[in-house]
Amino acid sequence: MNLLFLTFVFPLVGFLLLSFSRGKWSENLSALIGVGSIGLSAIVAAYVIWQFNVSPPEGGHLTMVLWRWMSVDGFEPNFALYVDGLSITMLGVVVGVGFLIHLFASWYMRGEDGYSRFFAYTNLFIASMLFLILGDNLLFIYFGWEGVGLCSYLLIGFYYSNRNNGNAALKAFIVTRIGDVFMAIGLFILFQQLGTLNIQELLVRAPQHFKVGDFWIVLATLMLLGGAVGKSAQLPLQTWLADAMAGPTPVSALIHAATMVTAGVYLIARTHGLFILAPDILHLVGIVGGVTLVLAGFAALVQTDIKRILAYSTMSQIGYMFLALGVGAWDGAIFHLMTHAFFKALLFLASGAVIVACHHEQNIFKMGGLWKKLPLAYASFIVGGAALSALPLVTAGFYSKDEILWEAFASGHQYLLYAGLVGAFMTSLYTFRLIFIAFHGEAKTEAHAGHGISHWLPLGVLIVLSTFIGAWIHPPLAGVLPQSAGHAGGEAKHSLEIASGAIALAGILLAAVLFLGKRRLVTAIANSGPGRFLSAWWFAAWGFDWVYDVLFVKPYLAISRMLRSDPLDHTIGLIPRLVKAGNGLMTRTESGQLRWYAASIAAGAVLVLGAIVLV
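Residue numbering for the sequence shown follows the working numbering, beginning at 1 and increasing consecutively.
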């Protein structure tokens, strides 16, 4: 356990070394440092996880105080690491999956400008995420929270010479900052009310200080939820995630599988005791997840970009995790977070292999027939797609998603259960739509399979973890998170498993009917009036960008243009301008003609006498 701090020290050292290289080192040396630092972190993490399971600390948790940061008027935050089953699970996901992504990136990014810069950013990304999940207080979690936000901006805008990429990075930065402001307000409220930001102290003091549903705990948790939906791309702050696909594909894998979007789920799970005291907000968490997973599913169904389809699938799967948190399936949410990391990393890395093989083409309708030319990528998509669709019994996704649906049913949240089932059908439909269009049918582009251990090894490992084998790795969460309150008989659970499995298979079957072959039915539906309207609406992700543009962006720009001319300055400057104008008029009266002067004097005398008489 004493070596735990090395898990984020190694990535930080890698970041510093690569930053000081200023891009002058060879790609091999940059990859050695960039991948090696995460590999060393993964080795230390594996040792810590083994030690935690073999000889768990007393009480199931341990706080390692490295040093005291400051002491100001009773506020004494420590630089400390907190280890329990939740942080251990997140540690394994972040560095384990993160290492595989880095290894794949060493192949994918070959020949790109900024090779060492890329690994510098990703090392800092991993370090920030580790800082977030291991911090024992909300202040240091917030520092890690901001760190992953900064790194996402740097990596999404990695190809900064393209203006659109810069705009996408800026959009992600601004939208997530909105959520960060809410989270900061939540921290202020908690400290003002409870006098601490240490998470374990908060969980002890909150039930003593607040009654269930008290105003301040409701407001604080609502603000924390605002931060969570921003980072995890849930409604209404979800608009940045699809545009974030502008970054390199390994970045997308990092954001979606190992870092960033899982942060919101972790935050709510870590502060579960606060949300239990605000049941309405906890219920709202489930509603946000249920609505997001359905809307994202429809948006994914009509996308043409392979990465944007996967982006909306991430939004939907994070929605399942929020739904799980909302119905009290705390263990199920983290279990699905872990399995999702396996199959989503697999799908994104496989999409990267496809994109490179197809000469950086990302439109699935310009691919086709790839299953013969890219057998490893095809196998990766079949296994990853099956896990994403929760194919019964053989995939990791089935076991974690089924646990969520069961808890929704057992806790009496029927409408959230229906949302989950609709999402399950949509997931299998859009996932195998992608697979059938890109890998089957007529070949439309020349493709060449990648080679090298850094290409096939990460895919191979993730293929195994995406099967039922990945479900054997169950997070050690006993005693960390509350047990679910739902209870029902085994027969009901078995029936729900059959129903959810049948729904997933029905989605795959419908995808085969619609998208294998000539696709005449799909074309007819898409060309109809309602079809054109719905496809355009869903393609624009239900028009949230347009709504925000009308409500916020355009009014802001109008106010900015008005303030750019500084109306206050114009008002203050009006008096000297009037004096100057009057002076100009008076100057023109000095013509040098005697008769003009005499007439002016006479007119002035008449005006003065008239004024005297009137007064």
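C-beta: ideal position from N, C-alpha, C; glycine also.
For ASP305, the secondary structure class from DSSP, reduced to helix, strand or coil, is strand. DSSP lists PHE79 as the beta-bridge partner residues of TRP67. Here HIS209 is near GLN193, since their CB atoms are less than 8 Å apart.
Annotation: the continuous alpha helix (DSSP H) that includes ARG270 extends over 263 to 270. ILE404 places its beta carbon 8 Å or farther from that of GLY490. Your pair PHE343 and ALA396 checks out as a contact, with CB atoms roughly 7 Å apart and the cut at 8 Å.
Its chain contains GLY230, LEU237, THR239 and TRP240 as the residues whose beta carbon lies nearer than 8 Å to that of VAL175, once the 5 sequence neighbours on both sides are disregarded; these appear in chain order. Note on MET70: under 16 other CB atoms within 10 angstroms of its CB, so exposed under the neighbour-count rule. When DSSP states are grouped into helix, strand and coil, THR395 belongs to the strand group. Using a Cβ distance threshold of 8 Å, PHE99 and ALA172 do not count as a contacting pair. The three-state secondary structure of LEU376, taken from DSSP, is helix. When DSSP states are grouped into helix, strand and coil, GLY213 belongs to the coil group.
Here THR467 carries a strand assignment [DSSP, helix/strand/coil]. The residue among HIS256, LEU391 and LEU521 with its C-alpha nearest the C-alpha of ILE503 is LEU391. Taking C-beta atoms as the reference points, LEU130 and VAL97 fail to come closer than 8 Å. The residue from LYS444, LYS493, ILE309 and ARG433 with its alpha-carbon nearest to that of ALA408 is LYS493. In the DSSP secondary-structure assignment, LEU62 is bridged to VAL83. Using a 10 angstroms sphere on the CB of ASP180, the tally of other CB atoms reaches 16 or more, which defines it as buried. Shortest Cα-Cα distance from ALA512 to any of MET109, GLY529 and PHE436 involves PHE436.
For GLY384, DSSP assigns no beta-bridge partner whatsoever. When rounded, the separation of the alpha-carbon atoms in VAL265 and ILE334 is 8 Å.
Three or more pairs of CB atoms, one per stretch, sit closer than 8 Å, so the segment 130 to 141 contacts the segment 80 to 87. Three or more beta-carbon pairs separated by less than 8 Å link the segment 28 to 39 to the segment 106 to 119, which places the two stretches in contact.
In the three-state DSSP reduction, VAL48 falls in the helix class (H, G or I). The C-alpha of SER152 is placed about 29 Å away from the C-alpha of ALA449.
Within a 10 Å sphere around the beta-carbon of ILE364 sit 16 or more other beta-carbons, which makes this residue buried. When Cβ pairs closer than 8 Å are counted between the two stretches, the segment 360 to 374 is seen not to touch the segment 287 to 297, the count staying below three. Between the alpha carbons of LEU66 and LEU16 lies a distance of about 21 Å. MET1 has its alpha-carbon roughly 33 Å from the corresponding atom of ALA233.
The C-alpha of ILE559 is placed about 55 Å away from the C-alpha of HIS451. Measuring C-alpha to C-alpha distances from GLU497 to each of LEU521, THR445 and GLY420 identifies GLY420 as the nearest. With a threshold of 16 other beta carbon atoms within 10 Å, HIS336 meets it and is buried.
By DSSP's assignment, VAL72 forms a beta bridge with PHE75. Residue burial annotation: ILE306 is buried, with at least 16 other C-beta atoms found within 10 angstroms of its C-beta. Boundaries cannot be given for THR239, as no alpha helix (DSSP H) includes it and DSSP labels it neither H nor E. When C-alpha distances from GLY460 are compared across LEU516, ALA350 and LYS211, the shortest belongs to ALA350.
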